[in-house]
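4 protein chains.
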Amino acid sequence: MPPAPDRAFASDNAAGAHPAVIEAVLRANSGHALAYGADDQTAECEQRFSDAFGTQVVTRVCFSGTGANIAALATAMGSMRGPHHAIVCTNWSHIAADETGAPERALGTKLIELPSLDAKITPDMLDSIAHLHGVQHHVQPGIVSITQPTELGTVYSPSEVAALCTRAHEMGMLVHLDGARIANATAALGGDLAALRSFTVDAGVDVVSFGGTKNGALGAEAVIFLRPDLAEGSEYVRKQVTQLPSKMRYLSAQFNALLHDELWIRLGAHSNSMATRLDEMVRDVTGVELGAPPEVNSVFPRLPRASIAPLRDWCFFWDWDTHVLQVRWMTAWDTTIQDVERFAAGVRTLLSEPKSDCRGR
Amino acid sequence: MPPAPDRAFASDNAAGAHPAVIEAVLRANSGHALAYGADDQTAECEQRFSDAFGTQVVTRVCFSGTGANIAALATAMGSMRGPHHAIVCTNWSHIAADETGAPERALGTKLIELPSLDAKITPDMLDSIAHLHGVQHHVQPGIVSITQPTELGTVYSPSEVAALCTRAHEMGMLVHLDGARIANATAALGGDLAALRSFTVDAGVDVVSFGGTKNGALGAEAVIFLRPDLAEGSEYVRKQVTQLPSKMRYLSAQFNALLHDELWIRLGAHSNSMATRLDEMVRDVTGVELGAPPEVNSVFPRLPRASIAPLRDWCFFWDWDTHVLQVRWMTAWDTTIQDVERFAAGVRTLLSEPKSDCRGR
Amino acid sequence: MPPAPDRAFASDNAAGAHPAVIEAVLRANSGHALAYGADDQTAECEQRFSDAFGTQVVTRVCFSGTGANIAALATAMGSMRGPHHAIVCTNWSHIAADETGAPERALGTKLIELPSLDAKITPDMLDSIAHLHGVQHHVQPGIVSITQPTELGTVYSPSEVAALCTRAHEMGMLVHLDGARIANATAALGGDLAALRSFTVDAGVDVVSFGGTKNGALGAEAVIFLRPDLAEGSEYVRKQVTQLPSKMRYLSAQFNALLHDELWIRLGAHSNSMATRLDEMVRDVTGVELGAPPEVNSVFPRLPRASIAPLRDWCFFWDWDTHVLQVRWMTAWDTTIQDVERFAAGVRTLLSEPKSDCRGR
Amino acid sequence: MPPAPDRAFASDNAAGAHPAVIEAVLRANSGHALAYGADDQTAECEQRFSDAFGTQVVTRVCFSGTGANIAALATAMGSMRGPHHAIVCTNWSHIAADETGAPERALGTKLIELPSLDAKITPDMLDSIAHLHGVQHHVQPGIVSITQPTELGTVYSPSEVAALCTRAHEMGMLVHLDGARIANATAALGGDLAALRSFTVDAGVDVVSFGGTKNGALGAEAVIFLRPDLAEGSEYVRKQVTQLPSKMRYLSAQFNALLHDELWIRLGAHSNSMATRLDEMVRDVTGVELGAPPEVNSVFPRLPRASIAPLRDWCFFWDWDTHVLQVRWMTAWDTTIQDVERFAAGVRTLLSEPKSDCRGR
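Protein chains in written order, with the numbering used here: chain A, 9 to 369; chain B, 9 to 369; chain C, 9 to 369; chain D, 9 to 369.
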């Protein structure tokens with residue numbers, strides 16, 4: 009095998025923090041500052057988010073992606089009349105599949121998981137639950153939660169989001185956007201603030217979970233209420249769901265670094281491009297089965313069974329769906345073209361070997 | 009010892025059902041009727057409650073007192089903006105002390121238990137929690153829940169309730185009245201519908217748990233929303249908290265019997281009067297320590313330690329506070345004057361005996 | 009149209025109470041009895057359930073089917089180590105689809121809804137969630153909840169239940185059986201206590217929700233812990249989830265009447281036979297599309313669109329799936345052969361009419 | 009007024025991060041590392057905690073103090089049989105008073121708040137709730153949660169903790185210790201690892217919330233299960249309550265810096281000594297009313313009403329109890345003797361001024 013890449017393709021949260029983030033934290037570490045958000049870094053962060061979205065938003069900095077989702081959903085649910093409202097999402101959604109039941113625990117709320125092939129929700133899919141309306145034996149749909157980019161690496165177009173928001177609002181629902189990798193979607197849809205706004209404020213989204221951790225932060229997420237009236241009570245809710253940072257300045261500083269000069273979009277664009285390059289380099293390797301080219305920073309190949317373990321031993325990545333021998337290769341803000349080239353070379357080498365040992369599998 | 013009473017003084021929920029209630033259930037048991045409230049008995053019941061309160065109320069029939077409290081509080085909390093609101097009550101309140109944590113379980117909500125000597129809440133006591141307001145680390149008071157009559161057998165005057173409602177509303181809170189024994193309070197405060205209204209609608213109460221079970225029903229309680237706008241979503245909430253009766257006609261019929269011709273008030277007045285008579289008959293017995301005369305249907309004497317067990321073996325009642333040798337004698341709608349006379353005679357006999365055996369206790 | 013049946017085909021919970029149930033309640037209404045289960049009727053009821061299941065069970069009488077499910081699941085979940093366990097059920101299950109989110113509210117627990125064509129769960133379907141095991145981002149399957157008969161009117165064979173229990177137990181899960189219509193399943197599987205035991209105790213089920221309300225009771229359900237060790241804490245849990253009846257004797261008496269001389273099984277057998285007769289009588293009517301003959305007491309025909317409203321106006325029943333023009337006709341313990349004959353005649357009459365008005369629909 | 013101190017006395021969480029913590033984070037920021045705890049820093053951190061406690065513990069790194077408390081309590085509650093267990097604490101406890109109802113939200117569990125003058129719980133106070141045991145209408149005490157040092161700045165002696173643990177365990181309860189400022193208690197009780205162990209492992213405590221944030225970290229807390237068997241499921245629970253850090257290495261690295269060479273104890277000792285010095289310097293100032301000398305890093309003086317605002321304007325601190333004009337001055341790891349001297353000088357200057365303007369207040 010050729011030399012392994014310096015950085016594996018496990019996940020973007022395996023990457024470290026960007027130097028600008030580190031510098032910002034160091035700068036913030038000066039003297040005393042009141043806790044719980046009454047600090048200059050947080051005030052700056054709030055302004056930066058309003059600038060980015062092009063409208064006055066309410067920002068609530070949080071620790072984690074799951075935490076931001078819970079704080080966003082609990083606040084939004086608090087604006088509903090009664091605890092019998094439900095959250096509508098897909099079977100792939102992080103809130104449904106990968107948060108160990110945090111929404112049900114914190115909200116006491118049912119998740120209605122719509123089956124979806126591409127991890128997107130369409131207006132028609134909302135129609136399929138319209139019959140629940142007005143029947144006391146059924147939960148009442150209250151919030152639609154979409155993920156952008158989705159857990160399958162697909163990206164909603166702005167018009168898809170807008171159409172969904174329109175239908176959701178017609179049905180009396182709010183729309184939450186889980187943007188744990190929102191930088192990658194923004195990069196994929198144009199790579200500027202107009203792109204960000206196109207699938208959020210302009211499309212009618214009500215509240216966003218805005219991720220920093222997977223995009224070069226040490227650890228920082230935020231709930232952005234695009235409609236400030238929906239933020240009522242959000243500071244209490246954040247505390248109640250254990251997401252109020254004590255020394256908030258250190259989290260806000262990370263966002264200040266990322267938002268400065270649109271660094272966050274550039275990092276997202278870079279990791280996207282690395283996935284595209286990786287896809288291109290292995291697409292013709294016999295045994296690598298690929299779907300459509302990546303829209304963001306992940307590649308989901310199917311591989312010959314016998315190749316998976318040795319390839320992973322050489323350079324780590326995670327399984328995606330073991331039933332169909334599908335794995336996930338994910339790039340990060342710090343993935344280099346050398347990493348991609350080495351990895352592609354390793355894939356090519358391994359899959360070109362005589363596969364006498366994988367017959368019949 | 010003299011002959012024991014036919015009915016003990018354990019509790020009003022040890023009594024059976026009034027014949028008129030039984031008859032109403034039998035009458036309701038005719039043919040088919042749609043479940044979940046779409047039946048004639050329930051329509052009649054709803055009208056009867058509006059008539060009794062003298063205003064258009066929304067009625068939600070429930071199974072149990074704890075259930076009605078939960079349905080009332082969960083619906084009212086659903087009208088608050090956010091899950092960070094709390095319920096304010098006394099340390100004696102049934103919801104805090106005797107419901108095995110049902111409110112915290114069903115609502116995920118904190119109960120703020122105000123210490124109270126007489127189980128009542130005054131406006132001043134609300135002032136003691138005013139400092140919580142506006143601080144993100146604290147729950148925000150959302151609902152005041154009072155019990156009428158209280159768990160200690162005291163009765164709020166209409167002006168006391170009105171003053172509390174005024175202060176609560178000024179502080180942005182709603183007022184819930186737990187009326188598991190509302191008939192006894194109504195009887196104590198005048199014994200007619202004007203009395204009922206004086207401490208509920210007229211005083212500014214928002215939502216009532218209206219008890220039937222302790223007053224001659226087989227088992228029937230109801231949530232009465234005195235402000236219909238607060239009832240929004242209550243049918244869903246009732247179902248979610250497991251309080252939606254399937255064959256609702258049989259519960260509604262019980263209320264129809266009790267509400268007819270104010271039977272419920274007469275039953276409450278009777279049990280009150282039996283407690284008054286009992287208090288009068290034992291007040292001069294040496295060893296029986298009594299506080300103020302009973303306002304409703306319970307007497308809380310302190311007794312010599314050695315007398316409690318033999319008296320209970322002869323005619324059952326429950327301890328109230330074993331630390332101070334206090335017990336509770338409770339009358340019911342069917343307690344007879346003969347029951348009271350026999351019980352008083354037994355108390356007198358037992359306490360007049362030479363107490364050589366209780367020295368040193 | 010011919011004369012309408014005296015009883016419609018809306019639901020078995022639209023039927024009244026059986027005379028023996030009424031008599032038992034009247035008998036129980038004698039003098040005082042301690043509340044909350046310390047009464048003779050409840051002791052008798054507990055013994056009758058142990059006799060019926062042929063083993064020492066723990067019985068907790070509850071108000072409603074949803075309530076019994078919640079009490080059963082909350083107690084069973086309490087035996088799990090940690091709040092991160094989930095309940096596995098089908099998308100058709102009452103707990104998932106028809107309880108307004110009560111399980112999520114009361115337990116804070118995720119429901120994993122397995123898609124199922126016949127509303128049954130097979131061992132293979134459990135295998136499909138085996139990958140969740142041991143991953144901290146996923147809820148851990150804790151309880152499998154099956155419904156017998158299912159919400160689609162199908163019946164698990166004893167060996168199907170046994171195979172599922174074996175697999176569930178191997179995976180460290182408990183098995184709950186929602187028996188809101190357990191009488192109908194018992195009747196379908198042999199019609200005696202051996203039949204009851206064959207798909208419960210003998211098959212390895214851990215806890216049962218035993219329904220009375222849909223089978224001739226005024227309103228009575230029970231949680232039956234087939235493994236008494238699992239009942240630890242169940243009396244507290246029942247209270248916490250608002251399902252502790254105050255005057256329990258009146259609910260226990262209903263079960264005593266139903267369990268006496270296996271009345272409950274006979275009632276279930278009767279309603280099953282009425283559904284079978286109805287199916288037979290309309291099967292050859294043009295326009296009535298039927299699947300397999302009914303196993304229990306419901307028929308799910310598809311009807312011509314134009315016939316549904318007039319037929320319902322004449323004799324009420326509920327829609328099942330409006331997308332495919334499917335309705336549900338349900339028989340009850342008191343459905344008579346005359347009711348069936350009249351209804352079948354009405355169907356035949358209506359569907360034989362010239363359908364000039366439904367062209368193009 | 010003299011020059012204001014460089015650092016105010018608002019709180020120890022207003023202080024920044026210690027240089028050693030910053031260095032550790034910088035060192036950890038090298039290359040890729042798997043997320044969610046599968047990294048070298050976390051392995052080291054776990055070992056360091058076992059070394060510190062002198063026994064094999066299970067460590068779960070968390071984001072915040074509230075979060076660690078919730079993760080600890082939810083895991084411990086998960087070892088109880090059933091959801092009807094309650095948490096016993098004081099009315100002063102952070103979990104009861106300052107977490108916006110997070111425990112009730114996340115656990116659905118009642119908190120029993122014992123009134124306490126010094127914010128400690130004694131074995132006798134547990135006896136006062138013994139009567140709850142075995143009664144289905146009452147929650148059952150499951151966990152005692154104490155804070156060390158307490159919210160009032162008092163410190164349990166090791167023997168006090170041991171006596172409480174003994175009684176709690178006799179009553180079937182577990183003991184949780186909220187150690188948000190555990191360094192200050194450790195310093196106060198001897199200042200070495202033996203001191204730490206004396207009031208935790210040696211005393212019988214079951215689970216500890218171990219704070220780093222208030223003691224020089226950027227933000228890092230940990231749940232330490234002193235009995236590893238109690239940690240079962242804790243990794244799932246941590247995720248479910250939104251406290252699983254993605255890039256955990258950066259939190260673990262902070263603990264590695266603090267635990268190295270007992271830096272954390274030295275920082276605690278320093279802030280304690282600064283409070284002691286402050287107390288000594290203002291104790292003789294007329295108008296400053298002080299209780300017992302500080303045991304840890306806070307001083308709670310009562311001040312003349314007119315002095316509070318100008319003093320705060322000059323150098324910030326928080327009110328403690330406005331009803332009695334009591335404020336809180338809190339020192340931190342980085343408070344200097346110069347800060348203390350300047351502040352004491354300011355207090356002396358301000359309170360020596362003619363107070364013509366505060367008559368009658």
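Think of the CB as a built atom: it goes at the ideal place given N, C-alpha and C, for glycine as much as any other residue.
Using the C-alpha atoms, what's the distance from residue j back to residue i?
i, j, result
"E361/B", "A353/B", "13 Å"
"A104/A", "T98/A", "8 Å"
"T294/D", "L125/D", "26 Å"
"G198/C", "E121/A", "38 Å"
"N21/C", "S87/C", "33 Å"
"V147/C", "V183/A", "25 Å"
"S167/C", "A203/C", "12 Å"
"A440/A", "V231/C", "Outside the displayed span of chain A (9 to 369) sits residue 440/A, for which this structure offers no information."
"T174/A", "I30/D", "47 Å"
"I154/C", "V249/A", "33 Å"
"T339/C", "D327/C", "15 Å"
Which same chain residues, not among the five before or five after residue i, have their C-beta less than 8 Å away from its C-beta?
i, result
"L234/A", "F61, T63, V65, T208, V209, V213, D214, V215 and V216"
"P10/A", "R350, A353, G354 and T357"
Round the Cβ separation of residue i and residue j to the nearest angstrom and send it over; I've been treating them as touching at under 8 Å.
i, j, result
"A323/B", "A23/B", "The residue you asked about is not Ala; residue 323/B is Cys in the sequence shown. With 8 Å as the limit, C323/B and A23/B do not qualify as a contact, their Cβ atoms being about 15 Å apart."
"L115/D", "L81/D", "6 Å"
"T158/A", "A196/A", "That pair is no contact at about 12 Å."
"F57/B", "F351/B", "Contact flag wrong, Cβ pair sits at about 35 Å."
"D47/D", "M256/D", "6 Å"
"A3/C", "L271/C", "Given a span of 9 to 369 for chain C in the structure shown, any question on residue 3/C remains unanswerable."
"G109/B", "A94/D", "6 Å"
"D106/D", "H145/B", "5 Å"
Leaving out the 5 sequence neighbours to the left and right, which residues in its chain are closer than 6 Å to residue i when beta-carbon positions are compared?
i, result
"L7/B", "Residue coverage of chain B in this structure runs from 9 to 369, which leaves residue 7/B outside it and unanswerable."
"L259/A", "V69, A228 and P253"
"V163/C", "P157, A193, A196 and E303"
"D140/C", "Here residue 140/C is Leu; the residue named in the question, Asp, does not match the sequence. If we look at L140/C and ignore the five residues flanking it on each side, its Cβ neighbours are H146."
Residue i by DSSP, collapsed to three states: which one?
i, result
"A94/A", "strand"
"R310/C", "strand"
"L252/A", "coil"
"F325/B", "coil"
"H145/C", "coil"
"I129/C", "coil"
"Q334/C", "strand"
"F207/B", "coil"
Considering only residues of the same chain and omitting the five flanking positions on each side of residue i, which have a CB-CB separation below 7 Å?
i, result
"L252/C", "Y44 and R246"
Could you list the residues in the segment 56-85 of chain B with a C-beta less than 9 Å from some C-beta on chain A, going in chain order?
A82, T83 and M85
Residues of the segment 96-109 of chain A whose Cβ lies closer than 8 Å to any Cβ of chain C, in chain order
A105, D106, E107, T108 and G109
Cβ-based contacts, 7 Å cut-off: residues of the segment 214-240 of chain A near chain B
E240
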